[in-house]
Amino acid sequence: MAADGDAIRGSGLAPCATLVGEVATMQVPSRVWLREVGPRDGLQNEPPVPTAGKIELLDALSKTGLSRIEAVSFVHPKAIPQMGDAAEVWAAAAKSPHVTYSALVPNPVGARRAVEAGFTELEVVVSASDTHNRANLNRTTAESLAELGPLIEYAHGRGARCQVIVATSWGCPYEGDIPVEQTVGVARAALAAGADSLAYGDTTGMATPTRVEDLVGRTREAFPDTSLALHFHNTRGTGLANLLTALRLGVTDFDASVGGLGGCPYAPGASGNIATEEVVHMLADMGVETGVDLELLLDVAATAERLVGHQVPSQVLRAGPRSRTVPTPANLRPGD
């Protein structure tokens with residue numbers, strides 16, 4: 001009978017020790033930049049939170065060490081009433097000089113409102129899926145792309161930068177898997193329109209590590225000098241695995257939502273961004289710096305849970321950090 005190692009080699013599989021060694025030696029960046037999207041993406045899928053509660057959440061997040069926060073979105077209040085008080089929230093927020101705040105906009109009208117409110121960082125969303133774009137923005141993907149040039153020109157003329165977020169980058173709840181070429185094609189059109197950077201959104205949690213590797217690789221080949229951020233959902237439980245895959249590919253910009261709140265009103269079953277505290281917890285143990293105070297962030301996750309009135313998906317909020325212990329039962333204590 002062949003030894004276990006010989007049998008494994010004969011099967012074409014690497015021995016476990018070899019796999020562990022390869023994983024252990026994989027290099028990851030020493031620093032990651034997180035953009036907190038809870039105040040926008042986290043709340044838009046919830047029953048409306050009072051304006052004062054939104055301000056409380058935004059101000060608390062600003063004190064955690066986060067360097068980037070997506071504060072609000074300027075969408076039509078009939079489409080997403082949860083964001084109807086965006087200008088009021090932003091005007092009253094205690095803006096930290098250490099945080100870069102941004103606003104999501106769906107069209108030129110939203111961009112104008114955001115710039116007039118004082119934002120200098122805009123995220124413009126366009127779906128790779130035409131069906132999702134029509135559900136989300138009431139226009140085709142081609143029509144949204146046609147609006148990008150004038151929108152970005154307007155923003156640049158007023159000192160604002162524009163990141164284009166390609167939603168449904170990996171899959172659509174209506175159309176299924178989105179071909180890589182289709183997503184890269186939308187990204188190419190966005191850059192041609194003047195986008196300062198790109199982000200890919202896993203709107204319904206359809207990405208997997210292999211698909212992340214494929215799309216990031218193809219994007220790097222096509223646009224090697226373009227800044228790329230990734231926005232993962234944990235709808236199917238692959239959020240952190242996808243982030244880790246991207247991290248090992250050298251991606252350093254990620255979105256996350258406090259408590260794991262969020263989703264898309266026009267994407268059935270898409271609840272649950274990756275939780276910011278879970279990302280910070282994992283990266284800290286890997287020696288990757290985020291600049292975020294985990295304990296403060298956990299306090300904010302508890303605040304978010306109170307504001308939305310139900311338990312949030314975050315596992316680290318439930319269990320606590322891995323360093324947290326519980327009292328030893330009396331009958332197990334030494335000497336008892």
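Numbered according to full-length UniProt numbering, the sequence shown terminates at residue 336, and the numbering increases by one at each position without gaps. Think of the CB as a built atom: it goes at the ideal place given N, C-alpha and C, for glycine as much as any other residue.
1) Quick one: which unbroken alpha helix (DSSP H) runs of 4-plus residues sit fully inside the stretch 23 to 71? Chain order, please.
2) Using DSSP with H/G/I as helix, E/B as strand and the rest coil, what is Tyr174?
3) So what does DSSP say about Leu247, is it helix, strand or coil?
4) Can you tell me whether residue 344 is buried or exposed, with buried defined as 16 or more other CB within 10 angstroms of its CB?
5) Near His281, which residues of its chain fall below 8 Å by C-beta distance, leaving aside the five closest residues on each side in sequence?
6) Taking Val184 as part of the beta strand (DSSP E), name the residues at either end of that continuous run.
7) Under three-state DSSP, which class holds Asp130?
8) Quick one: Cα of Glu213 to Cα of Val180, how far?
9) Within 10 angstroms of the Cβ of Asp85, are there 16 or more other Cβ atoms? Answer buried if so, exposed if not.
10) Going by DSSP in three states, Ile152 sits in which element: helix, strand or coil?
11) Measure the alpha-carbon distance for Glu147 versus Val105 and round it to whole angstroms.
12) Ends of the beta strand (DSSP E) at His281?
13) Is residue 413 buried or exposed, if buried means 16 or more other CB atoms sit within 10 Å of its CB?
14) Using 10 angstroms around the beta-carbon of Lys78, count the other beta-carbons present and answer buried if the total reaches 16, otherwise exposed.
15) Hey, would you say Val115 sits closer than 9 Å to Ala160, going by beta carbons?
16) Going by DSSP, what residue range makes up the alpha helix (DSSP H) through Ala92?
17) So Ala155 and Leu191 are in contact, right, with Cβ under 8 Å, and what is the actual spacing, rounded?
18) Distance check for Ala229 and Met83, CA to CA, integer angstroms please.
19) CA-CA distance, Val279 and Ala117?
On the basis of the supplied data:
1) 51 to 61
2) coil
3) helix
4) Nothing about residue 344 can be reported from this structure: the residues present for the chain run from 1 to 336 only.
5) Leu294, Val316, Pro321 and Arg322
6) Taken as a continuous stretch (DSSP letters only), Val184 belongs to no beta strand (DSSP E), being part of the alpha helix (DSSP H) at Val180 to Ala192.
7) helix
8) 11 Å
9) buried
10) helix
11) 12 Å
12) Here His281 belongs to no beta strand (DSSP E); instead the alpha helix (DSSP H) covers Thr276 to Asp285.
13) The requested residue 413 does not occur in the structure, where the chain is confined to residues 1 to 336.
14) exposed
15) yes
16) Ala86 to Ala92
17) Incorrect: roughly 15 Å between the Cβ atoms, too far for contact.
18) 24 Å
19) 31 Å
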